[in-house]
Amino acid sequence: TMASKPRNKQSKRRASPPASALRRHVVASLLVAVSLPAALSLCGSRLERSGLLALEQGEPATAVAQLTRARQFAAYSGAALLGRLPGGLLWSGLSPNSEYAAGRAVLESRGEVLAAIDHFDAAIRGNPNLWPAHANLAAVQAGLGDVMAALEACQRAIDILVIRADDAPAPADPGQVLSDLHLMAGQLLERLPASRCSGGSCLPHAADAYQRALANVAGHEGASAALERLAELQQEGRGPEL
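In this text, residue positions in the sequence shown follow the numbering used here: the first is 72, and each later residue adds one.
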C-alpha cells in the first residue's frame, strides 16, 4: 500500500500539462488577440485612403463603397478592441474630414439624404468646428423642411468662421463663404413662421442677414436680389418695415 502512493502522484503529474506548454498557449492567444484587431485597423485605414482617392478622381460611387466598408471595420479595429494607444498607433475609424467627404459623396452619387446626415453628424462629433459639415447639414435639413434645425446649423457654421475657431479649416475665400452662409440664413429666416421671430415677423431678421452677406461681398447677387424683393413687399404693404 505504501509503495502505490508514489505511483499515483507520478500519474497525476503526467496528466497535468507542462507549464511551458501552458505559457506557449497563453502567448499564442495574446498574439491572436493583438494581431487580429491590428490587421482590421490596417484594412480600415487602407479602405479610407482608397475611398478618398476615388473621391479626388471624381468617382463618388466608388468612394462611398470604400468609405462605407472602412466604417464597418472601425467597430472591430485595434483602437475599438484594445483602446486608443498614444500617438495614433492604431487606426480608430474614419476621420471627421473623411466622414464629411463620405456625406458629400453619398449625396452626389445616390442622393441619400438621411445617410448624408448621418455622415455629417459623425464628422461634427469628431470635430465640432468643421464648418463645412455644419453648412452642408443645414442645406440637407432645409431640403427636408426642418427649417429651424437648418438655421441653427447654418448659424453654427457662421460663428465658427467669424471667431476662427480651432481645428476649423480655412476657406480659400472667407468673405465669399460667409456671404453665402448669410444668404442661406436669410432664406431660412424667410421660411420661418412669424411666431418664431421677435417683432411678429422674421422678414426684418432675414433682411439683416442679407445685409451681412453684402457686408462680406459687396454686390452679392443673391443678397441684393433678396433685399430688392423684400423692399418691394414693403412698398406694396405686404411686408413689415425693414
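The beta carbon of each residue, even a glycine, is placed where N, CA and C say it ideally should be.
Close beta carbons around residue i, own chain, < 6 Å, minus the five adjacent residues each side
i      : result
Ala176 : Leu126, Pro131, Ala134 and Val135
Ser295 : none
Ala239 : Asn200, Trp202 and Ile231
Ser250 : Ala284, Asn287, Val288 and His291
Ala204 : Tyr171, Phe191, Ala194 and Ile195
Leu102 : Low confidence applies to Leu102: its pLDDT is 48, below 50, so where it sits in the model is not reliable enough to give any reading.
Arg268 : Here residue 268 turns out to be Cys, not Arg, going by the sequence shown. Once the five neighbours on either side are set aside, the close Cβ partners of Cys268 are His276.
Burial state of residue i (16 or more Cβ within 10 Å)
i      : result
Met219 : exposed
Ser91  : exposed
Ala243 : exposed
Ala241 : exposed
Arg196 : exposed
Ala302 : exposed
Cys124 : According to the sequence provided, residue 124 is Leu. The question's Cys does not apply to it. Result: exposed.
Val248 : buried
Arg300 : exposed
Reference residue i; option with closest CA among the options
i      : options                           : result
Ala256 : Ala297, Gln137 and Ala289         : Ala297
Gly129 : Arg300, Ser180, Leu113 and Glu170 : Ser180
Leu222 : Gly115, Glu299 and Ala277         : Ala277
Arg262 : Leu215, Glu119, Tyr171 and Leu185 : Leu215
Val211 : Asn198, Gln226, Gly197 and Ala187 : Ala187
Asp189 : Gln226, Val233, Ile234 and Thr139 : Thr139
Beta-carbon separation (whole angstroms), residue i vs residue j, contact threshold 8 Å
i      : j      : result
Ile231 : His253 : Their Cβ separation, rounded to whole angstroms, is 14 Å, which puts Ile231 and His253 out of contact at 8 Å.
Ala213 : Leu165 : Not quite, the Cβ-Cβ distance comes to about 25 Å (not below 8 Å), so this is no contact.
Gly122 : Gln143 : Not quite, the Cβ-Cβ distance comes to about 12 Å (not below 8 Å), so this is no contact.
Ala224 : Ala209 : 4 Å
Ala141 : Glu119 : 4 Å
Gly271 : Ala280 : About 18 Å; that fails the 8 Å criterion.
Gly174 : Ala145 : Contact doesn't hold; Cβ gap of about 16 Å is too wide.
Asn349 : Pro167 : With the chain covering 72 to 313 only, the question about residue 349 has no answer from this structure.
Spatial neighbours of residue i in its chain, beta-carbon cut-off 7 Å, leaving aside the 5 residues before and after
i      : result
Ala104 : A caution first: Ala104 carries a pLDDT of 46, below 50, which makes its placement in the model unreliable, though a value can still be read off. Cβ neighbours of Ala104 beyond the five flanking positions: none.
Gly246 : Asn287 and Val288
Cys273 : Leu260, Glu261, Leu263, Ala265 and Arg267
Close-in-space but distant-in-sequence residues of the same chain around residue i (CB under 8 Å, 5 per side omitted)
i      : result
Ala110 : none
Glu183 : Val177
Pro157 : Residue placement at Pro157 is flagged as unreliable, the pLDDT there being 45, under the threshold of 50; the coordinate-derived value follows with that caveat. Nothing meets the Cβ criterion.
Ala306 : Sequence check: residue 306 is Gln here, not Ala. Excluding positions up to five away in sequence, the list is empty.
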